[in-house]
Amino acid sequence: MMLIEERMTLEKLFQNIRSGKRITPEEGVFILRNAELLDLGDLANEIRFKKNPLQQITFVLDTNPNYTNICNIDCIFCAFYRHPGEEGEYTYSIDHMIQKFKEAAAKGVTTVLLQGGVNPALPFEYYVDMVKRTVAEVPQIYPHFFSTSEIIGMAQVSGLTIREVLKQLYDAGLRSIPGGGAEILSDRVKKKISNKKGTSADWLNVMREAHVIGYKSTATMMYGHLETDEDIVEHLESVRRLQDETGGFTAFVPWSFKPGNTPLEKIIPHYATPTRYLQMIAFSRMYLDNVPHIQASWFSEGKKTGQIALHFGADDFGGTLLEENVHAAANFVNKTNIEECIQLIHESGFAAAQRTTLYDILKVYKPVEVAA
Ligand code: SF4
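Just add 1205 to wherever you are in the sequence shown, counting from 1, and you've got the numbering used here.
Structure below.
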């Protein structure tokens, strides 16, 4: 039961947020611990419509293939990777990937989010050629390639600086990178779940360098494991600060840890609740006052929860995900197609707007009027 004093503090905080005042980290922790979910949702929705007043939700036709599952980083939340020589390991040729991209483009896909493990056997030229050939041979798709972990791996293999790696990929035609590899930007947690992956500052540094060169990227957050409310706030504070500096984040994308087949499953065997997801969506909309889009996911949290999240401050429904292997490795499989994606958005009370990787609108699907 909330004390009168706490209720009054919350009311005051909500008034301040409504009038445009930023949430401080201390206030953020207080809100996460004390605010009712529906109050958070109401305020987040209000902020969303101030930022983006259209009664529409964006989505993208995309696919998430992987070029290798070989990785030497050993994150304990990951069910996807294999060590070199282990059963089930693979590394695909660029020809193989280009063929996949062509098949995806033929189905209307416009965004390819390409990631792999951090495979020390792959030379830097492999990545540069992958970008160059994609741009030249499959111009229908927009490459959204390589997480910060892979980019750090490329720098280690090549002996180049992070900036030089990013510069060469940019010159090859890459303009957008995904936000993967952040998990929780709290070194206390990172040490426990991804000890070899680098620090929060490493993730922020790659993003900073990328934005300075001219890239756009998303920012992500994987919660629902060992983090506390303080860690969540630390994560959002880091993203907000970097966004103040560079303006390079297009969207924030939270998702929950999927324990199946991961070493972390022994400690955290359960999924985070839909309630926590809605809290993350609403709270990130309130905290990240400088990030234009908050992405709700039909995929990672289930279609119904994804739909509800559209009323908790999210304005984007993610992608149709023709192919996905990382969550599938954790026994988490969810499928949709363009028709269903549009229908889910319409059912939620919005027009569905197909977008590009960088959130330009390609086509708006209005809900069909039903005769009375
Ligand atoms: S999350 Fe990425 S870096 Fe970590 S083990 Fe899995 S593939 Fe490797």
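Using N, Cα and C, we set each Cβ at its ideal position, and we do this for glycine too. These numbers were taken from a predicted model, which means no experiment stands behind them.
Per DSSP, D1267 forms a beta bridge with which residues? T1316
Beta-carbon proximity check, L1483 vs F1517, cutoff 8 Å: yes
Can you tell me whether P1566 is helix, strand or coil according to DSSP? This sequence places Ile at residue 1566; Pro is not what is there. I1566 falls in the strand class under three-state DSSP.
So M1426 is in the beta strand (DSSP E); what residue range does that whole segment cover? K1421 to Y1428
Cα-Cα, which of V1569, E1388, Q1373 and Q1500 is closest to F1555? V1569
Between which two residues does the alpha helix (DSSP H) containing Q1500 stretch? It is not in any alpha helix (DSSP H) - Q1500 carries neither H nor E in the DSSP assignment.
If you measure from the CB of V1394, is any heavy atom of the ligand SF4 nearer than 7 Å? no
At least three beta-carbon pairs within less than 8 Å, the stretch 1483-1497 to the stretch 1466-1473: no
Would you tell me roughly how many angstroms separate the C-alpha atoms of A1341 and E1211, rounded to the nearest one? 59 Å
Regarding Y1295 and the ligand SF4, is the C-beta to nearest heavy atom distance less than 7 Å? No.
Through-space distance from I1303 to R1338, alpha-carbon basis: When rounded, the distance between both Cα atoms is 8 Å.
Can you tell me which of the three DSSP states R1223 falls into? helix
According to DSSP, is I1473 helix, strand or coil? In this structure, I1473 counts as coil in the three-state DSSP scheme.
Under 7 Å from any heavy atom of the ligand SF4, does the C-beta of C1578 make it? What the structure shows of the chain is the stretch from 1206 to 1577, and residue 1578 is not part of that stretch, so it cannot be assessed.
Determine the direct distance from the alpha carbon of E1369 to that of T1296, and round the result to whole angstroms. 25 Å
To the nearest angstrom, how far is the alpha carbon of L1215 from that of A1424? 28 Å
Considering only C-alpha positions, which residue in the set H1532, Y1476 and Q1448 is nearest to L1493? Q1448
Would A1558 pass as a contact of T1263 if the rule is Cβ separation under 8 Å? yes
Boundaries (first-last residue) of the beta strand (DSSP E) holding Y1347: Y1347 to F1350
Any chance the CB of D1279 is under 7 Å from a heavy atom of the ligand SF4? yes
Pair within 8 Å by beta-carbon distance, D1407 and I1357: yes
Near the ligand SF4: V1323 beta-carbon under 7 Å from a heavy atom: Result yes, Cβ under 7 Å from the ligand SF4.
Helix, strand or coil at R1560 according to DSSP, with G and I counted as helix: strand
Going straight from the alpha carbon of T1229 to that of T1510, what length do you get? 28 Å
Taking 7 Å as the cut-off, is the C-beta of F1285 nearer than that to any heavy atom in the ligand SF4? yes
Quick check: the Cα distance between Q1261 and G1290, rounded to an integer number of angstroms? 48 Å
If you run the structure through DSSP and keep just helix, strand and coil, what is A1377? helix
Those residues which DSSP pairs with T1296 across a bridge: T1273
Distance, G1364 Cα to P1328 Cα: Straight across, the Cα-Cα distance linking P1328 with G1364 is about 11 Å.
Candidates T1273, F1282, W1460 and R1287: which alpha carbon is nearest Y1332's? T1273
Is the beta carbon of D1520 less than 8 Å from the beta carbon of R1227? In this structure, R1227 does not lie closer than 8 Å to D1520 by Cβ.
Beta carbon of H1430, beta carbon of I1473: below 8 Å? When the beta-carbon positions are compared, H1430 and I1473 come within less than 8 Å of each other.
Please work out which residues of its chain come closer than 6 Å, Cβ to Cβ, to A1577, disregarding the five sequence neighbours upstream and downstream, and give them in chain order. Caution applies to A1577, whose pLDDT of 41 falls short of 50 and renders its modelled position unreliable; the value that the coordinates give is listed next. None.
Is any non-hydrogen atom of the ligand SF4 found closer than 7 Å to the C-beta of S1505, if you look at the structure I gave you? no
List, from N- to C-terminal side, the alpha helix (DSSP H) runs of 4 residues or more that fit wholly inside the stretch 1512-1550. Uninterrupted alpha helix (DSSP H) stretches at least 4 residues long and entirely within the stretch 1512-1550 occur at 1531-1534, given in chain order.
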